[in-house]
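Going down the list, the protein sequences come from chains E and B. Read in order, the letters of the first sequence are residues -2 to 341 in the working numbering. Read in order, the letters of the second sequence are residues -2 to 341 in the working numbering. Notes follow the structure.
Number of protein chains: 2
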Amino acid sequence: MDQPSPPRPAVMIDVARLAGVSHQTVSRVLNGHPSVRDETRERVLTAVRQLNYRPNALARGLAGRRSRVLGVVSFDTILYGPAATLLGVERAARAAGYGVSIVTLEQLDHDGVSDALSALAEQSVAGVVIIAPFTNTAAALRSLPMGIPAVVVEAGASGGLPAISVDQVAGAELAVRHLLELGHETVWHVRGPQNWLEARDREGAWRSTLEAAGRSVPPVIDGDWSARSGYQAGLRLAGDPRVTAVFCANDQQALGLLRAFHERGVRVPDSVSVVGFDDIPEAEFMSPPLTTIRQDFDEVGRRCLAMLLDLLDSPVETPVYPRVTPVLVSRASTGIRQSANANS
Amino acid sequence: MDQPSPPRPAVMIDVARLAGVSHQTVSRVLNGHPSVRDETRERVLTAVRQLNYRPNALARGLAGRRSRVLGVVSFDTILYGPAATLLGVERAARAAGYGVSIVTLEQLDHDGVSDALSALAEQSVAGVVIIAPFTNTAAALRSLPMGIPAVVVEAGASGGLPAISVDQVAGAELAVRHLLELGHETVWHVRGPQNWLEARDREGAWRSTLEAAGRSVPPVIDGDWSARSGYQAGLRLAGDPRVTAVFCANDQQALGLLRAFHERGVRVPDSVSVVGFDDIPEAEFMSPPLTTIRQDFDEVGRRCLAMLLDLLDSPVETPVYPRVTPVLVSRASTGIRQSANANS
DNA sequence: AACCGCGCTGTGAACGCTAACAATCGTCCC
DNA sequence: GGGACGATTGTTAGCGTTCACAGCGCGGTT
């Protein structure tokens, strides 16, 4: 008739009593401290199971110094890149026994990053991953009140901060070279928003690859990652006979571009070849299937976390990790430069 | 020569000393307790600013009952729906002064949900939002060790759990009716994965809408949300002259379907009309632009959070919120049933 | 003049855990 | 055989905050 399960969840002292040991011994068992007799350890673990005990992370964090929670600052997690990176980081964190607290920025600016970081600091996160490839993240980070270990994702020039990045330059080169090798005289570019580092890197590499090949550099077209901006770029480009190859800074823009071309009767790849960036799951099923540059976001997440954990161990030295190398995925949207050339 | 800023961040007692009051008074000021003299309040706030003091959320959570952190359990945050909902919830939570801790499920099963919930419980979250429209989430939730207030998102039959959902039935009806009104004899359906509640609801509503209209119900085609599955469905459907209208359970599937149709020379909307579901940002720029059912995920997130906060206030009664109503967005992928009919 | 109540403030004890140190026991070594 | 030592366990003190319960001073009552 007694009530065996109190509504209040068991705490460490309950386990200790049930196992006939002190709470400290329970703590030792839970934290894998070596000097506990096997027989005692078993007794404790049995009690833990019996009471369905789960240690309280809050108390843990308060008592020890480190919490088992990491913070992630991200921006626009509906975009494929950030979403995929977030997922990668979250998975890796969970595998390493960390919880993940997120803050999504409304705007990519200094104050936003700063606020986000102090919100996370308040929660005593052990470290922070910043998936906000804002051109000015570094400054925001430096102005951080307290020194939380932080890793920045996908920031090209991170200003000395530990960073994991996909080699955007290599990716853009891959795209441009691919198009040049197909016989195109030059390559047009629809770039991403200027406050994103990736966008700048891709544009820069596009430009320098063309220059290195001794080709003329057409005027760059603005874009903001959205399919709409790609569509608008497509409308502008569709009338121009000089345009035979376009490198879009991401796949959504390429989708919009393809749409505009389709509407205007520009045939892809017959008249114009198109390359995107990211290899979103939909790329393979666009009309036509999109040649693009694949980034391994999962790998980014994993390395990112590995780096952060290194940083937690030895906060003095900044670990250096190699960039993640993107690969070209060739599909139907790119083709040999057609005989139209013969007219010239 | 002295060092004015100790590396250790200021704590409440530091503020108290600086302001010449007790730590409890500082606490009162911070929590907006009324019985503090204005002059004292000012003095404390000045000290807070001066020391750049931020209360420690861990200690707060430990001492008081409630933490200011909410948990979110989600699944496959790369998909548009979950990603958008997550973003909506996160925004609303932040606006309400809550932090957000996320757990992304690897698999949609009972244990996954259960583990995720206890991981969050460990972090003493105040409440949980579950964006895992798994058909069996309800059971997993009930087997939860302790009673954390929880709100389920997008679950049709949530088994008595507080839930916010988009009215999938209304949405699917909108899609099917739209196609019937355009003169199509019947509507084919490419459904989503069977363990998703949304997929089941959409399929059910598709079926019953057809039946209510006295139309024949074609065999359903399987899909898994991916563009690839839509593509495969498209290949199967492309040869069939009876197919004049297809309702896809989401926009990605519709994209794949459009691709397959394009490949096989099936013209959209001339030969076949296609409707999707979600209105992802890319839908407008598909070839042709996709008619689809728009869901307001931001609204879902907001209501969800409002509901959870209600639940935190009075855990006894389950608040009831109306469903979010989706709307039809008509684009070029649907058109009047063409003269092909005249042949029959 | 003693008393009550109210506005404001301070004191002590949790909250559940880890860290540092002390205690106990048996063993090993000379 | 005594003391040092290692293995194992217990004890005590925080971590930084909130909660419950006093205190104190002052004006108004009786």
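Heads up, the beta-carbon is just placed ideally off N, CA and C, and yes, glycines get one too. Just so it is clear, the structure is predicted and the values come from calculations on it, not from any experiment.
Residue-chain proximity (residue i, chain B), Cβ-Cβ < 7 Å
{"i": "residue 72 of chain E", "result": "no"}
{"i": "residue 290 of chain E", "result": "no"}
{"i": "residue 302 of chain E", "result": "no"}
{"i": "residue 296 of chain E", "result": "no"}
{"i": "residue 75 of chain E", "result": "yes"}
{"i": "residue 87 of chain E", "result": "yes"}
Neighbour flag for residue i against chain E, beta carbons, 7 Å
{"i": "residue 101 of chain B", "result": "yes"}
{"i": "residue 10 of chain B", "result": "no"}
{"i": "residue 396 of chain B", "result": "Limits of chain B in this structure are -2 at one end and 341 at the other, which puts residue 396 of chain B out of reach."}
{"i": "residue 207 of chain B", "result": "no"}
{"i": "residue 80 of chain B", "result": "yes"}
{"i": "residue 308 of chain B", "result": "no"}
{"i": "residue 235 of chain B", "result": "no"}
{"i": "residue 353 of chain B", "result": "The shown model of chain B, from -2 to 341, leaves out residue 353 of chain B, and the question about it has no answer."}
{"i": "residue 56 of chain B", "result": "yes"}
{"i": "residue 36 of chain B", "result": "no"}
{"i": "residue 178 of chain B", "result": "no"}
As assigned by DSSP and simplified to three states, the class of residue i
{"i": "residue 340 of chain E", "result": "Interpretation of residue 340 of chain E is limited by its pLDDT of 43, a score under 50 that renders its predicted location unreliable; the figure taken from the coordinates is listed afterwards. Helix."}
{"i": "residue 0 of chain E", "result": "Interpretation of residue 0 of chain E is limited by its pLDDT of 42, a score under 50 that renders its predicted location unreliable; the figure taken from the coordinates is listed afterwards. The answer is coil: DSSP assigns residue 0 of chain E none of H, G, I, E or B."}
{"i": "residue 291 of chain E", "result": "strand"}
{"i": "residue 96 of chain E", "result": "strand"}
{"i": "residue 84 of chain E", "result": "helix"}
{"i": "residue 186 of chain E", "result": "strand"}
{"i": "residue 105 of chain E", "result": "coil"}
{"i": "residue 124 of chain B", "result": "strand"}
{"i": "residue 69 of chain E", "result": "strand"}
{"i": "residue 270 of chain B", "result": "strand"}
{"i": "residue 169 of chain E", "result": "helix"}
{"i": "residue 222 of chain E", "result": "coil"}
{"i": "residue 179 of chain B", "result": "coil"}
{"i": "residue 26 of chain B", "result": "helix"}
{"i": "residue 158 of chain B", "result": "coil"}
{"i": "residue 76 of chain E", "result": "coil"}
Assigned exposure category for residue i - 16 Cβ within 10 Å defines buried
{"i": "residue 333 of chain E", "result": "exposed"}
{"i": "residue 18 of chain E", "result": "buried"}
{"i": "residue 236 of chain E", "result": "exposed"}
{"i": "residue 319 of chain E", "result": "exposed"}
{"i": "residue 213 of chain B", "result": "exposed"}
{"i": "residue 297 of chain E", "result": "buried"}
{"i": "residue 10 of chain B", "result": "exposed"}
{"i": "residue 340 of chain B", "result": "Low local confidence applies: a pLDDT of 43 at residue 340 of chain B is under 50, so the model's placement there is unreliable, and no value is given."}
{"i": "residue 276 of chain E", "result": "buried"}
{"i": "residue 248 of chain B", "result": "buried"}
Closer than 9 Å at the beta carbon, the chain E residues around residue i
{"i": "residue 249 of chain B", "result": "278, 279 and 282"}
{"i": "residue 246 of chain B", "result": "Within 9 Å Cβ-Cβ: nothing; residue 246 of chain B doesn't reach chain E, min ~16 Å."}
Residues that residue i contacts on chain B, provided the C-beta gap is smaller than 8 Å
{"i": "residue 259 of chain E", "result": "284"}
{"i": "residue 53 of chain E", "result": "59, 119 and 121"}
{"i": "residue 66 of chain E", "result": "98 and 120"}
Chain E contact residues for residue i, given Cβ-Cβ distances below 8 Å
{"i": "residue 50 of chain B", "result": "Those within 8 Å of residue 50 of chain B in chain E number zero; the least Cβ separation is about 10 Å."}
{"i": "residue 252 of chain B", "result": "279, 282 and 283"}
{"i": "residue 83 of chain B", "result": "74"}
Chain B residues whose Cβ lies nearer than 7 Å to that of residue i
{"i": "residue 97 of chain E", "result": "98 and 99"}
{"i": "residue 228 of chain E", "result": "282"}
{"i": "residue 116 of chain E", "result": "96"}
Under 7 Å by beta carbon: chain E residues contacting residue i
{"i": "residue 264 of chain B", "result": "Residues of chain E passing the Cβ test: none, with the nearest at roughly 12 Å."}
Chain-ordered neighbours of residue i on chain B, where CB pairs are closer than 9 Å
{"i": "residue 225 of chain E", "result": "278, 281 and 282"}
{"i": "residue 195 of chain E", "result": "Per Cβ cutoff of 9 Å: no residues; residue 195 of chain E is ~18 Å from chain B at best."}
Closer than 6 Å: residue i CB and nearest the ligand MN heavy atom
{"i": "residue 187 of chain B", "result": "Looking for the ligand MN in the displayed structure turns up nothing, as the structure carries no ligands at all."}
For the stretch 182 to 191 of chain B against the stretch 214 to 228 of chain B, are there 3 or more C-beta pairs whose distance is under 8 Å? yes
Inter-stretch contact (C-beta, 8 Å, three-pair minimum) for the stretch 203 to 211 of chain B and the stretch 170 to 178 of chain B: yes
Do the stretch 264 to 280 of chain E and the stretch 116 to 127 of chain E make contact, defined as three or more Cβ pairs closer than 8 Å? Contact between the stretch 264 to 280 of chain E and the stretch 116 to 127 of chain E is absent: fewer than 3 CB-CB pairs across the two stretches fall below 8 Å.
Would you call the stretch 7 to 16 of chain B in contact with the stretch 42 to 61 of chain B, where contact means no fewer than 3 C-beta pairs closer than 8 Å? yes
Evaluate the contact criterion for the stretch 55 to 73 of chain B versus the stretch 100 to 114 of chain B: three or more CB pairs, one atom per stretch, below 8 Å. yes
Say whether the stretch 105 to 114 of chain E touches the stretch 125 to 132 of chain E, bearing in mind that this needs 3 or more beta-carbon pairs closer than 8 Å, one atom from each stretch. By the Cβ criterion, the stretch 105 to 114 of chain E is in contact with the stretch 125 to 132 of chain E, since at least three pairs of Cβ atoms, one from each stretch, lie closer than 8 Å.
Report yes or no: do three or more beta-carbon pairs, one from the stretch 162 to 172 of chain E and one from the stretch 187 to 202 of chain E, lie closer than 8 Å? yes
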